[in-house]
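For the sequence shown, this note's numbering assigns the number 3 to the initial residue and increments by one for each residue that follows. Just so you know, even glycine gets a beta-carbon here, dropped at the ideal spot from N, CA and C.
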Amino acid sequence: MTTDPQHDLFARARAVIPGGVNSPVRAYGSVGGDPRFIASGSGPFVTDTTGQQYVDLVMSWGPGLLGHAHPEVVEAVTAAARHGLSFGAPTESEVELAEAIRDRVPPAEKVRMVSTGTEATMTAIRLARGATGRDLVVKFAGCYHGHVDALLAEAGSGVATFGLPGSSGVTAATAAETVVVPYNDVEAVEAVFAERGSEIAAVITEAAPANMGVVPPEPGFNAALRRLTADHGALLILDEVLTGFRVGPAGWWGLDGAAGGEVTATGSEPWNPDLFTFGKVVGGGMPLAAVGGRAALMDLLSPSGPVYQAGTLSGNPLATAAGLATLRLADDAVYARVDRVADAVADAAAAALEAVGVPHRVQRAGNLFSIMFGEEAARDAVWDYAGAQAQDAFRYPPFFHAMLDAGVALPPSVFEAWFVSAAHDDDAVEAILAALPKAARAAAAA
Ligand code: PMP
Numbered sequence: 003m004t005t006d007p008q009h010d011l012f013a014r015a016r017a018v019i020p021g022g023v024n025s026p027v028r029a030y031g032s033v034g035g036d037p038r039f040i041a042s043g044s045g046p047f048v049t050d051t052t053g054q055q056y057v058d059l060v061m062s063w064g065p066g067l068l069g070h071a072h073p074e075v076v077e078a079v080t081a082a083a084r085h086g087l088s089f090g091a092p093t094e095s096e097v098e099l100a101e102a103i104r105d106r107v108p109p110a111e112k113v114r115m116v117s118t119g120t121e122a123t124m125t126a127i128r129l130a131r132g133a134t135g136r137d138l139v140v141k142f143a144g145c146y147h148g149h150v151d152a153l154l155a156e157a158g159s160g161v162a163t164f165g166l167p168g169s170s171g172v173t174a175a176t177a178a179e180t181v182v183v184p185y186n187d188v189e190a191v192e193a194v195f196a197e198r199g200s201e202i203a204a205v206i207t208e209a210a211p212a213n214m215g216v217v218p219p220e221p222g223f224n225a226a227l228r229r230l231t232a233d234h235g236a237l238l239i240l241d242e243v244l245t246g247f248r249v250g251p252a253g254w255w256g257l258d259g260a261a262g263g264e265v266t267a268t269g270s271e272p273w274n275p276d277l278f279t280f281g282k283v284v285g286g287g288m289p290l291a292a293v294g295g296r297a298a299l300m301d302l303l304s305p306s307g308p309v310y311q312a313g314t315l316s317g318n319p320l321a322t323a324a325g326l327a328t329l330r331l332a333d334d335a336v337y338a339r340v341d342r343v344a345d346a347v348a349d350a351a352a353a354a355l356e357a358v359g360v361p362h363r364v365q366r367a368g369n370l371f372s373i374m375f376g377e378e379a380a381r382d383a384v385w386d387y388a389g390a391q392a393q394d395a396f397r398y399p400p401f402f403h404a405m406l407d408a409g410v411a412l413p414p415s416v417f418e419a420w421f422v423s424a425a426h427d428d429d430a431v432e433a434i435l436a437a438l439p440k441a442a443r444a445a446a447a448a
């Protein structure tokens, strides 16, 4: 036993849970120190088991668009719980949630609900293979799509944080069915299609990557993927697990595809993917994710089609209640507030680092942002995983800990986005801004 209760709890956790955590990045592996064990959350704050409160910029890695424990979401979940926790039978609320998703993202004509983003991307890939009769999947280096065997190669998020090339336990045969190409490199995608086009079932991409730090698509990149996949009879899977219903009412697709993501001689051309994957915000903090797409394609899923997919807890009534309440509350004012908070924090972080001469760039994709440290990033925006990995990552741990000491919980890895919420009021933003200058000095001294 020590005098530090968080340290003791982490030791207890490590004795019974691998690494002491149920998802790797939580362990503070790349920033050092003991993770904070959270006892409660409210609005923009989390409180650890010692009673210390932090302004939270993790927000459960995305779901907390409205802040923690929004009273109306908690009430919706509580009311649902009183009626029963799980039935393994269809419910009205899952129909309502599917309709709410389709209303916001019309090309998601039909929706299948699952419990995690990983299941959503796994299902999308199986569906693409079933629909095309092809085996290969193309993914981008630095994009993270959950811990699906076929998608761990050069993945972002925890795989990037811990510097892994992929994962042990993935068979060589599975790895050989995934082709990894550099992000934002249309020529590399064209080359893969030129060589193996008839074998490719799908290209899967984060709608706007935020798992290697934030690396937005160059204008027209997603539209180019749409064109190339269509030309070769492959499907485009747009992974909006992180961006969906967070960067705007219709996710990144709403800002890019629906708005006309490619400017051509005749104007801007809207585009739709074949399949979407959603997660995080759509479950309002409960375990819920979804695959959506064209009806004819989605109907290939069992029981209407031959591609098997199932789940005891899929469409769980508490999860659908949380998702529905969240989507109902997430109106234009919510997105406007989240955008304003993102602007304020991103600009202040840049100004604080600038003031002490730390070379860096704050990268943005809608209301998502992260800092890339280093001269190279300062000179030119980072457009791919190699660029993200080349940054001065050593500056982040002291920056992170200075913020934590000042009561602000940042994501414990430089390869993750910062998440703000509509509950970050002016006081919460002020607390973040007040902490930044000292953190910038700590980064400068690294
Ligand atoms: N896709 C993306 C883009 C993600 O960011 C994540 C999780 N961070 C996933 C898929 C996997 O979701 P889950 O952790 O719920 O399995």
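Three-state secondary structure assigned by DSSP to residue i
i	result
H70	strand
E95	Looking at the sequence shown, residue 95 is not Glu but Ser. DSSP places S95 in helix when its eight states are reduced to three.
S170	coil
A329	One detail in the question is off: residue 329 reads as Leu in this sequence, not Ala. Residue state, collapsed to three classes: helix.
G368	coil
H403	helix
S42	strand
A82	helix
G307	coil
M157	As written in the sequence, residue 157 is Ala, which differs from the Met given in the question. Reduced to three states, the DSSP call for A157 is coil.
L59	coil
H362	strand
F47	strand
F278	strand
I19	coil
V347	helix
W255	helix
L438	helix
Classification of residue i by the beta-carbon crowding that lies within 10 angstroms, buried from 16 upward
i	result
P46	buried
G160	buried
H72	buried
G171	exposed
R84	exposed
R38	buried
G90	exposed
A267	exposed
R131	buried
N186	buried
Y310	exposed
H70	buried
Residue i and residue j closer than 8 Å at C-beta
i	j	result
F280	A291	yes
E98	R104	no
Q365	V216	yes
L59	V422	yes
E208	C145	yes
T163	A210	no
A444	V57	no
A82	L320	yes
V249	A78	no
H403	G35	yes
A395	F371	no
D137	A203	yes
E377	P400	no
H426	V343	yes
P272	S117	no
F417	A441	no
P65	G287	yes
V243	T180	no
T231	V205	yes
R363	V384	yes
V188	F142	no
A324	G285	yes
L438	A351	yes
P251	A332	yes
L237	A133	yes
V182	E220	no
G168	A177	yes
T120	V150	yes
A419	A212	yes
V107	W254	no
Contact with chain C by residue i, beta-carbon distance below 8 Å
i	result
V431	Protein chain content of the structure displayed is limited to a single chain, and chain C is not contained in it.
Give the residues whose C-beta lies closer than 6 Å to at least one heavy atom of ligand 1, in chain order. Working through the chain, the matches are W63, T118, G119, T120, T123, Y146, H147, G148, S159, E208, N213, D241, V243, L244, G281 and A291.
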